[in-house]
Amino acid sequence: MLVALQRIRDLPEGRLAIVRQPVGWVKELLGAKSPVFAWQVFLTGEPTVVHGHETQEIIVADKCLRPVSQLAQQDMTTMLDQHEQEVVATAVADVRALVSQEEMDSPEFDRALHLAFGEAQLRLAKQVVGVTQVLREAGFWSQPGGDSEVLEWRTVYEGTEISMNAAPSMFGEWRVSAYAIKERSWHMPELLALNDWPRGKILQIVLELWENVFGTHRIPEQMELGWIYRMHERDMRSIEPVLPHVVMDGASFRRALRWLREAYQIDDILVGPPKDMPLSVEIKNGTLRLNTEDHSIGVTLKNGWIDPIIISLRGLLANSQRTRRGYWIYLQSTGEYALVNGLKINAWTN
């Protein structure tokens, strides 16, 4: 169906769009006081800017649509295909300006282009630019008139509305949370991210929250670098030689983390986040000991051995919830850093 949009902020009255599919009843996504029925529409002409990002598709409340013409499914498909073809044609024209037709037609060019794209994506995933920039690139935005440091992101998929929020804590790490709304509302466990993490690792946290609701069968475009980073880390682990490691009791390890988190509290007179602290990890009398300057906590071991290593306490406490899952927790040591369930914990540096 071809419709004219009305009462849409930042869009002229009568802007034409094609109705793609029903979204369902939403509330938070459109800032409504009560649930309203919404549709996903494709804007004709130039894209619009939503929260600093150009887009051709937006979600619109039913009352903001005025039918103009009933389009046959074939006509809708043709119009959308023409738009995609225009985008591709523009990209091809840019490439033609750089290479000859013979080069473009060769299998070597296709392979080189594929490898170059994959390398560029991986390089982007490994860049360290800070949590704020990564989340803004992914479409997170600040609420007008609210705390400028608090970022949020909302969308709806398969009739379920999801909202994510991210904010820096007094300890310096970012706390990222999410909740979903369908017949009922539910909150996902809060995850942590650090500013010195690469872009892909931060987006992997966001992707984990998404997967808690929708599973792994569809990855939003803005989270793809998180998936690329995850696959790269998995591939690197598969070709690395076996590292010294121990297998710890999961419940015992989680109790130790809770104890450390309680002990690692900010002083009432301290302004700003506390300094990081060294955490010595070593095996004594068949028990894995986690030692700070003032405390020593034991974790039950199943098997394995590692040499003593000193890691960042804040890095351990801030890492993903995935490091704490399972009956057994795997701790590996390279001598320069540790891996807890495959996730890297930096060594302590003064």
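Going by numbering that gives the first Met the number 0, the residue at position 276 of the sequence shown is 275; the numbering climbs one at a time, nothing skipped. Each residue gets a CB set at the ideal place from its N, CA and C atoms; glycine is no exception.
Practice problem: Please report how far the alpha carbon of G334 lies from the alpha carbon of H244, in whole angstroms. | Solution: In the sequence shown, counting from the first residue as 1, residue 334 sits at position 335. In the sequence shown, counting from the first residue as 1, residue 244 sits at position 245. When rounded, the distance between both Cα atoms is 11 Å.
Exercise. Could you check which residue in T291, W38, L315 and R6 has the C-alpha nearest to that of P21?
Key: Translated into positions along the sequence shown, residue 21 becomes position 22. Comparing Cα-Cα distances from P21 to each of T291, W38, L315 and R6, the minimum goes to W38.
Quiz item: Distance, Cα to Cα, L338 vs W258?
Solution: As a working note, residue 338 is residue 339 in the sequence shown. As a working note, residue 258 is residue 259 in the sequence shown. So the alpha carbons of these two residues sit roughly 20 Å apart.
Quiz item: What number of angstroms, rounded off, separates the C-alpha of L330 from the C-alpha of L315?
Solution: Against the sequence shown, residue 330 aligns to sequence position 331. Against the sequence shown, residue 315 aligns to sequence position 316. Their backbone Cα atoms lie some 12 Å apart in a straight line.
Quiz item: Nearest CA to the CA of K26: which residue from Q5, R229, I180 and K301?
Solution: Numbered from 1 along the sequence shown, position 27 holds the residue referred to as residue 26. Here the closest residue by C-alpha is I180.
Quiz prompt | Validate contact between the segment 188-199 and the segment 117-129 using beta carbons, cut 8 Å, 3 pairs | solution = yes
Quiz item: What's the C-alpha gap between R229 and L1?
Solution: Within the sequence shown, the letter at position 230 stands for residue 229. Within the sequence shown, the letter at position 2 stands for residue 1. Distance between the alpha carbons of R229 and L1: 41 Å.
Quiz item: In terms of alpha-carbon separation, which member of F170, P167, N211 and S311 lies closest to A177?
Solution: For the purposes of this step, residue 177 is taken as residue 178 along the sequence shown, with counting starting at 1. The shortest C-alpha separation from A177 is found at N211.
Quiz item: Of all the options R288, W226, W185 and A250, which has the alpha carbon lying nearest to the alpha carbon of Q203?
Solution: Along the sequence shown, one-based indexing puts residue 203 at 204. Per the Cα distances, W226.
Quiz item: Of all the options V205, V175 and S332, which has the alpha carbon lying nearest to the alpha carbon of E224?
Solution: For the purposes of this step, residue 224 is taken as the residue at position 225 of the sequence shown. Checking the displayed sequence, the identity of residue 224 turns out to be Leu instead of Glu. Checked all of V205, V175 and S332; the closest Cα to L224 is V205.
Self-check item: Strand pairing of F36, partner residues [DSSP]
Solution: In the sequence shown, the residue the question calls residue 36 occupies position 37. Partner(s): W24.
Quiz item: Is the beta carbon of T291 sitting closer than 8 Å to the one on L278?
Solution: For the purposes of this step, residue 291 is identified with residue 292 of the sequence shown, where counting begins at 1. For the purposes of this step, residue 278 is identified with residue 279 of the sequence shown, where counting begins at 1. Closer than 8 Å, so yes.
Self-check item: Simplified DSSP assignment, three categories, for E292
Solution: Taking the first residue of the sequence shown as 1, we reach residue 292 at position 293. In this structure, E292 counts as coil in the three-state DSSP scheme.
Quiz item: Terminal residues of the continuous beta strand (DSSP E) containing T351?
Solution: With the chain represented from 0 up to 349, any question about residue 351 goes unanswered, as that position is not in the structure.
Quiz item: Less than 8 Å separating the beta-carbons of G325 and G158?
Solution: By 1-based counting over the sequence shown, the position of residue 325 is 326. By 1-based counting over the sequence shown, the position of residue 158 is 159. Going by C-beta atoms, G325 is not nearer than 8 Å to G158.
Self-check item: Opening and closing residue of the alpha helix (DSSP H) in which R260 lies
Solution: As a position in the sequence shown, residue 260 is number 261, starting the count at 1. Note, R260: alpha helix (DSSP H), G249 to A262.
Quiz item: Which one of V130, L42, A255 and M247 has the shortest CA to CA distance from H294?
Solution: As a first step, residue 294 is located in the sequence shown; it is residue number 295 there, counting from the start. Of V130, L42, A255 and M247, the residue nearest in Cα terms is A255.
Quiz item: Considering only residues of the segment 156-201, which uninterrupted beta strand (DSSP E) runs meet the minimum length of 3 residues and lie entirely inside it, listed in chain order?
Solution: 159-167, 173-180, 184-186 and 190-192
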